[in-house]
Amino acid sequence: MSKTTGKNPLANAAKADRNRKILIQVGVAVVLLGLIAGIGITLAVRKHDNNKDANANSFHWDPAQVGLVPANLTPDGAIRIDNTAAPAPEGKQKVNVRVVADVQCPACDMFENSNADALKKAVQSGQATVDYNIITFLDRASSGNQFSTRGAAAAYVVYEADPTKFQGWLAEMYQKQPKEGGNGMSDDQLIQIAKDAGYTDPAVAQAIKDGRYTSWVKTQTDKVFATGVKSTPTVYVNGTQVQDPQALMTSGGMTAVIENAAK
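The numbering of the sequence shown is numbering that gives the first Met the number 0, which starts it at 0 and goes up by one.
Right, dumping it as structure tokens:
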């Protein structure tokens with residue numbers, strides 16, 4: 000029997016067995032990493048669940064209880080982006096898309112990268128309105144500087160200043176999203192992103208630096224979780240949650256969902 004590996008059935012079998020073991024180990028490691036990330040998000044959500052009113056089953060906030068409140072929000076406290084000059088296409092209804100997101104959330108970044116253009120086009124064409132609940136539960140991921148809260152508060156500052164630039168600002172925020180466990184963003188970085196998105200009024204910079212809506216976004220977050228939201232991003236179309244990962248995380252995946260809802 001030859002000692003050459005290529006002609007030795009026993010050696011080939013042993014090599015194949017080693018390769019299978021390596022692939023299995025790599026697969027297990029990937030699954031464990033996913034579970035660890037999921038556990039971290041679940042624990043953060045549970046913390047909010049423990050703090051919320053057990054009897055709350057709808058999202059209605061009382062401005063008198065939360066101090067400063069952003070202007071021009073929906074009755075559910077969401078940022079609404081709508082091209083009021085463009086009616087729904089003939090014979091179709093205007094669709095409502097609701098996105099619940101945290102600016103520190105990597106999965107939200109994936110959703111944004113996949114569907115930002117689809118949502119913009121749907122708004123511009125009059126096919127849809129898009130509501131954003133920008134919430135905060137990932138402060139733990141930014142080394143104590145509360146980036147999640149400050150980023151969420153900045154969302155409502157810029158929206159209040161000019162809704163037409165909001166989606167561009169959000170895209171910039173996700174493009175420059177800090178890694179989890181890092182230092183988050185400074186106020187100066189948040190202000191620069193706002194400027195890059197067209198928010199050049201010094202009053203916007205001052206409101207971001209002052210953390211004008213940080214108290215409100217914390218209260219809003221508890222209210223959003225009280226409606227049954229368990230993770231971010233959570234996306235609804237006409238009130239029905241989108242569960243299809245392909246729609247959420249593939250390029251332009253939301254386009255077909257919106258078109259079907261408009262029929």
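Note that CB positions come from ideal geometry on N, CA and C, so glycine has one too. Note that this is a predicted model, so its numbers are computed, not measured.
Presumed contact (8 Å Cβ cut-off) between residue i and residue j, rounded CB distance
{"i": "residue 126", "j": "residue 255", "result": "Rounded, the Cβ-Cβ distance is 12 Å, inconsistent with contact."}
{"i": "residue 203", "j": "residue 134", "result": "Wrong, their Cβ atoms sit about 21 Å apart, outside the cutoff."}
{"i": "residue 80", "j": "residue 72", "result": "The Cβ separation is near 12 Å, so there is no contact."}
{"i": "residue 219", "j": "residue 76", "result": "5 Å"}
{"i": "residue 113", "j": "residue 249", "result": "6 Å"}
Residue span of the beta strand (DSSP E) that contains residue i, given as start and end
{"i": "residue 97", "result": "94-100"}
{"i": "residue 130", "result": "127-133"}
{"i": "residue 139", "result": "Element bounds for residue 139: n/a, residue is neither H nor E."}
Chain-order list of residues whose beta-carbon lies under 6 Å from that of residue i (same chain, five-residue window excluded)
{"i": "residue 86", "result": "125"}
{"i": "residue 170", "result": "115"}
{"i": "residue 9", "result": "Annotation note: pLDDT 46 at residue 9 (below 50); position unreliable, no value reported."}
{"i": "residue 179", "result": "140"}
{"i": "residue 1", "result": "For residue 1, the predicted structure reports a pLDDT of 30, less than 50, and the residue's modelled location is therefore unreliable. The matter cannot be settled from this model."}
{"i": "residue 111", "result": "173"}
{"i": "residue 26", "result": "In this prediction, residue 26 has a pLDDT of 41, which is less than 50 and means its spatial position is unreliable; nothing more can be read from the coordinates."}
{"i": "residue 144", "result": "183"}
Other residues of its chain near residue i: CB distance less than 8 Å, five sequence neighbours each side excluded
{"i": "residue 195", "result": "171"}
{"i": "residue 177", "result": "103, 141, 146, 183, 184"}
{"i": "residue 258", "result": "126"}
{"i": "residue 54", "result": "Model confidence at residue 54 stands at a pLDDT of 33, short of 50, so the residue's coordinates are unreliable; what they give is reported in the following sentence. Cβ within range, chain order: n/a, list empty."}
{"i": "residue 167", "result": "196, 197"}
Proximity to residue i [Cα-Cα], best of the options
{"i": "residue 251", "options": "90, 91, 160, 119", "result": "119"}
{"i": "residue 68", "options": "155, 243, 94", "result": "155"}
{"i": "residue 130", "options": "249, 94, 205", "result": "94"}
{"i": "residue 245", "options": "109, 74, 70", "result": "109"}
{"i": "residue 159", "options": "128, 207, 221, 249", "result": "207"}
{"i": "residue 70", "options": "247, 157, 221", "result": "157"}
{"i": "residue 247", "options": "90, 89, 96, 84", "result": "96"}
{"i": "residue 181", "options": "201, 221, 137, 205", "result": "137"}
{"i": "residue 128", "options": "84, 205, 201", "result": "84"}
Sequence-distant residues of its chain with Cβ nearer than 7 Å to residue i (five each side left out)
{"i": "residue 175", "result": "192"}
{"i": "residue 82", "result": "122, 123, 125"}
{"i": "residue 210", "result": "149, 152"}
{"i": "residue 213", "result": "148, 149, 152"}
{"i": "residue 99", "result": "132, 134, 223, 228, 231, 232, 233"}
{"i": "residue 117", "result": "251, 253, 254"}
{"i": "residue 30", "result": "Residue confidence for residue 30 is low, a pLDDT of 38 falling below 50, so the modelled location carries little weight; the figure read from the coordinates is stated next. No residues qualify anywhere along the chain."}
Segment limits, alpha helix (DSSP H) that includes residue i
{"i": "residue 122", "result": "105-123"}
{"i": "residue 235", "result": "Element bounds for residue 235: not the alpha helix (DSSP H) but the beta strand (DSSP E), 233-236."}
{"i": "residue 79", "result": "That residue, residue 79, is in no alpha helix (DSSP H); its beta strand (DSSP E) goes 78-80."}
{"i": "residue 213", "result": "213-225"}
{"i": "residue 72", "result": "Where residue 72 is concerned, there is no enclosing alpha helix (DSSP H), given that its DSSP letter is neither H nor E."}
{"i": "residue 85", "result": "Per DSSP, residue 85 belongs to no alpha helix (DSSP H) and is neither H nor E."}
{"i": "residue 177", "result": "Unbroken run through residue 177: none, as it is neither H nor E."}
{"i": "residue 155", "result": "146-160"}
{"i": "residue 272", "result": "No information on residue 272 is available, as it lies outside the stretch 0 to 262 that the chain covers here."}
{"i": "residue 208", "result": "201-209"}
Residue-level contact to chain C via CB, residue i, 8 Å cutoff
{"i": "residue 177", "result": "Among the protein chains of the structure shown there is no chain C, as only one such chain exists."}
* Inspect the CB distances between the stretch 180-190 and the stretch 235-244 and report whether three or more fall short of 8 Å. => Verdict: no, contact absent.
* Decide yes or no for the touch test of the stretch 155-163 against the stretch 98-114: beta carbon pairs closer than 8 Å, at least 3 of them. => With the cut-off at 8 Å, the stretch 155-163 and the stretch 98-114 do not touch.
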